[in-house]
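Please read the structure below before turning to the comments.
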Amino acid sequence: MSAQAAREVPLSTLSPKYLHTNSTSHTSAFSAIAALIDNAYDPDVSAKQFWIDKTLIKDNLCLTFMDNGNGLDHETMQRMLSFGYSDKTAVEGHKPIGRYGNGFKSGSMRLGKDAIVFSRSKSGMCIGMLSQTYLEKIRAKQIQIPIVCIKERNSTEHRASLQDILRYSLFQTQGELLAELDAITSSFSEQQTGTRIIIWNLRRTTTDETEFDFETDSYDIRIPNSEIAEKTASYIPETAYSLRAYCSILYLKPRMQMVLRGEKVKMVLIAKSLASTKKDYYTPSFLRKRVPITFGFNTKSKDQYGVMMYHTNRLIKAYERVGCQLRANKMGVGVIGIIECDFLEPMHNKQSFVKSDEYRQTINILGKKLEDYWKETQYRWKQKHPNSSVPVEDTMEKPDQKWVQCDNCVKWRKIPDGIDDSEVIDKWYCYMNPDNQFRSCDVEEEPEGYDDETSGYTKTYKQQRKRATPSPLGTPKRPREDVPSRISGTLGERSTCTPSVPADVEDSDSQTSDIISTLEAYNTPTPANPDDDEGNADQEAMEEKYCTMNTFD
Numbered sequence: 002m003s004a005q006a007a008r009e010v011p012l013s014t015l016s017p018k019y020l021h022t023n024s025t026s027h028t029s030a031f032s033a034i035a036a037l038i039d040n041a042y043d044p045d046v047s048a049k050q051f052w053i054d055k056t057l058i059k060d061n062l063c064l065t066f067m068d069n070g071n072g073l074d075h076e077t078m079q080r081m082l083s084f085g086y087s088d089k090t091a092v093e094g095h096k097p098i099g100r101y102g103n104g105f106k107s108g109s110m111r112l113g114k115d116a117i118v119f120s121r122s123k124s125g126m127c128i129g130m131l132s133q134t135y136l137e138k139i140r141a142k143q144i145q146i147p148i149v150c151i152k153e154r155n156s157t158e159h160r161a162s163l164q165d166i167l168r169y170s171l172f173q174t175q176g177e178l179l180a181e182l183d184a185i186t187s188s189f190s191e192q193q194t195g196t197r198i199i200i201w202n203l204r205r206t207t208t209d210e211t212e213f214d215f216e217t218d219s220y221d222i223r224i225p226n227s228e229i230a231e232k233t234a235s236y237i238p239e240t241a242y243s244l245r246a247y248c249s250i251l252y253l254k255p256r257m258q259m260v261l262r263g264e265k266v267k268m269v270l271i272a273k274s275l276a277s278t279k280k281d282y283y284t285p286s287f288l289r290k291r292v293p294i295t296f297g298f299n300t301k302s303k304d305q306y307g308v309m310m311y312h313t314n315r316l317i318k319a320y321e322r323v324g325c326q327l328r329a330n331k332m333g334v335g336v337i338g339i340i341e342c343d344f345l346e347p348m349h350n351k352q353s354f355v356k357s358d359e360y361r362q363t364i365n366i367l368g369k370k371l372e373d374y375w376k377e378t379q380y381r382w383k384q385k386h387p388n389s390s391v392p393v394e395d396t397m398e399k400p401d402q403k404w405v406q407c408d409n410c411v412k413w414r415k416i417p418d419g420i421d422d423s424e425v426i427d428k429w430y431c432y433m434n435p436d437n438q439f440r441s442c443d444v445e446e447e448p449e450g451y452d453d454e455t456s457g458y459t460k461t462y463k464q465q466r467k468r469a470t471p472s473p474l475g476t477p478k479r480p481r482e483d484v485p486s487r488i489s490g491t492l493g494e495r496s497t498c499t500p501s502v503p504a505d506v507e508d509s510d511s512q513t514s515d516i517i518s519t520l521e522a523y524n525t526p527t528p529a530n531p532d533d534d535e536g537n538a539d540q541e542a543m544e545e546k547y548c549t550m551n552t553f554d
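The working numbering numbers the first residue of the sequence shown as 2 and each following residue consecutively.
Spelled out as structure tokens, the structure:
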């Protein structure tokens, strides 16, 4: 029976079956976990640490997620457990990832049938439950979400919710509920606030096994080999089957530390983790703003390569192969591209982008610029090592820079060259920094591009090709002094009183020169000049126009 509004106009209702339907948008269990991580990362919660673990509660295998952020009160708990409520805003440049008010519902119900949320905020303690099992047992026609605030648990509304939580959750006494709330205070939060999520009745495969492998690595959560056996092992990125690896690159610039099964995840500042790093730019016609693209070589495994596409700091597509990397050769092997595509529209599950004209155009440009980087790297390597038979990608063993995150302030610091990896211990703080300028947590992070020589690069291979390639018209330009002789005979026949060559005749040669220059520019674009923004914009516009003309669905 539909609910009725004050004016007797029926309200839309939501069937409990929608909880499962909605969860199927996550084809990957890791993307479901990422939705829960995003909630803690966003500026309204602003957690510094996030813990992921598995545990047994009364013989029920559970996944637990906990943060030390701002916590939830009754109102924010109800909004999180409801659909479509999202009013997050940026705070001091920290943009929210959540946009649709759906992440917790789709993510938690993708992992298991039932979830309970414990939270401590400045205003008090609150517990909420989103449970398919509960809704089935009470034969609910609409989604119901029991929520109880500890201070108000004796009120009529809260008493009913408390009774249902004690009856249909894993916790049958108020003491057990309070023990879970107390676990939040041990999360080293200065304000003793935070949120703890427990998910049970985890999704199982057709063989009645959980979809996760907890045994292979006691400090990781992995996708079983049986789920990825059909693919070539070397081709599959580690991020596809290791939650630890996935979390390490989930954010372009991590602002939150993660602890997975009791061990800290080594977060990666991915744009600073590459070798032979270069920066290029893309200026979309629909944006008219330069978007930086970072290219470099993967120093861990040359088999893992492609473009990492982020949106508001969050990974959307990983190792997306573009351009020459799709060909049946070795072009582009080992090359990583990194771009933050805030100008594209992500799918609501944050696993891809909407396949718009802008997206297809961006993919085409990325392919072209990645091929430019590959050819430039090959050209420079051969110039320096003309007799070497070693592929350039096999020489990329160490990243250009080394960065580490402080365990206290969570700021990133650049470590001077010459510091061995063994000297950067798991627990690292700003006061350990050899660089005196950034040896305090009170000092801001190095600004973007600080001590960085990768603000742009010249594509010298194009200059060389332009010098070596004949004019596209097949014949060299005639010297300008030949133009009068074509009109008035030989130079010897001309008298000193011969009038000047008409402007329109002289312009004809200039126009021919312009046509040649245009054709050369179209086929061999002018090398990027990092100091000439206007020139870059013109060049990008030409490249974009060319790609748009050659873009097909």
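The C-beta atom is built at its ideal place from N, Cα and C for all residues, glycine as well.
Assigned secondary structure, Ala329 (DSSP; H/G/I helix, E/B strand, else coil) | coil
Does the Cβ of Asp209 have 16 or more other Cβ atoms within 10 Å, making it buried, or fewer, making it exposed?
-> exposed
Could you tell me if Gln406 is buried or exposed, where buried requires 16 or more neighbouring beta carbons within 10 angstroms of its beta carbon?
-> buried
With DSSP collapsed to three states, give me the class of Phe439.
-> Here Phe439 sits in helix by DSSP.
Compute the distance between the beta-carbons of Ile199 and Ala116, then report whether it is under 9 Å.
-> If you check the CB distance, Ile199 and Ala116 come in under 9 Å.
Enumerated in chain order, which unbroken segments of the alpha helix (DSSP H) with a length of 4 residues or greater are wholly contained in the stretch 158-209?
-> Residue ranges of uninterrupted alpha helix (DSSP H) with 4 or more members, entirely inside the stretch 158-209 and ordered along the chain, are 175-186.
Contacting residues, own chain, Cβ-Cβ under 6 Å from Val118 (five flanking each side not counted) = Gly129, Ile198
Over what stretch of residues does the beta strand (DSSP E) that includes Gly113 continue unbroken?
-> Residues 113-122.
Whole beta strand (DSSP E) runs in the stretch 252-311 with 3 or more residues, listed along the chain?
-> 258-261, 276-283, 292-298
Looking at the structure shown, is Cys407 part of a helix, part of a strand, or coil, going by DSSP?
-> coil
In terms of alpha-carbon separation, which member of Asn434, Lys55, Pro17 lies closest to Thr1?
-> The structure shown has nothing for residue 1, since the chain only spans 2 to 554.
Continuous alpha helix (DSSP H) stretch holding Ser219: start and end | That residue, Ser219, is in no alpha helix (DSSP H); it is neither H nor E in DSSP.
Leu15 to Gln50, Cα distance in whole Å?
-> 34 Å
Starting from Ala36, follow the alpha helix (DSSP H) in both directions and report where the run begins and ends.
-> 30-42
Coarse secondary structure for Gln402, derived from DSSP in three states | coil
If you drop the 5 nearest sequence neighbours on each side, which residues of the same chain put their C-beta closer than 8 Å to that of Met81?
-> Asn40, Leu73, Phe105, Val118, Gly129
Cβ-heavy atom distance, Glu239 to the ligand FMN, below 8 Å | Inclusion of the ligand FMN in the displayed structure is not the case, the ligand content being empty and no account of it being possible.
Whole-angstrom distance between Pro44 and Gln352, CA atom to CA atom | 21 Å
Taking Asp1 as part of the alpha helix (DSSP H), name the residues at either end of that continuous run.
-> Residue 1 lies beyond the range of the chain shown here (2 to 554); nothing can be said about it.
Whole-Å CB distance - Ile340 paired with Leu275, under 8 Å assumed = About 13 Å separates the beta carbon of Ile340 from that of Leu275, a gap too long to meet the 8 Å contact definition.
Consider the Cβ of Asp39: report whether some Cβ of chain D lies at a distance smaller than 9 Å.
-> In the structure shown, chain D cannot be found, because there is only a single protein chain.
Quick one: what does DSSP say Lys59 is sitting in, helix, strand or coil?
-> coil
Measure the CB-CB distance between Leu179 and Leu62 and report whether it falls below 9 Å.
-> No, Cβ-Cβ distance for Leu179 and Leu62 is not below 9 Å.
Are the stretch 132-142 and the stretch 152-162 touching by the rule of at least three beta carbon pairs closer than 8 Å?
-> no
Hey, quick one: how far does the beta strand (DSSP E) through Cys150 stretch, first residue to last?
-> 148-150
Quick one: Cα of Lys403 to Cα of Ser107, how far?
-> 37 Å
Whole angstroms is fine: what's the gap from Gly1's alpha carbon to Phe213's?
-> Past the boundaries of the shown model lies residue 1; the chain is included only from 2 to 554, so the question cannot be answered.
Residue from Cys442, Glu359, Met67 whose Cα sits closest to the Cα of Val411 = Cys442
If you compare alpha carbons, which of Glu181, Ile416, Asp401, His349 is closest to Asp436?
-> Ile416
For Leu73, the first and last residue of its enclosing beta strand (DSSP E) | Note, Leu73: premise wrong, no beta strand (DSSP E); not H, not E.
Kindly indicate which residue of Pro17, Lys96, Arg291, Thr313 has the alpha-carbon position closest to the one of Val46.
-> Lys96
Could you have a look at Ser109 and say whether DSSP puts it in helix, strand or coil?
-> helix
Report the partner residues of Thr459 according to the DSSP bridge assignment.
-> BP columns for Thr459 are empty, so no partner.
Alpha-carbon to alpha-carbon, Pro17 and Gln133 | Approximately 7 Å between the Cα atoms of the pair.
Tell me where the alpha helix (DSSP H) around Arg414 begins and ends.
-> Note, Arg414: premise wrong, no alpha helix (DSSP H); beta strand (DSSP E) at 413-416.
With DSSP as the reference, label Tyr242 as helix, strand or coil.
-> coil
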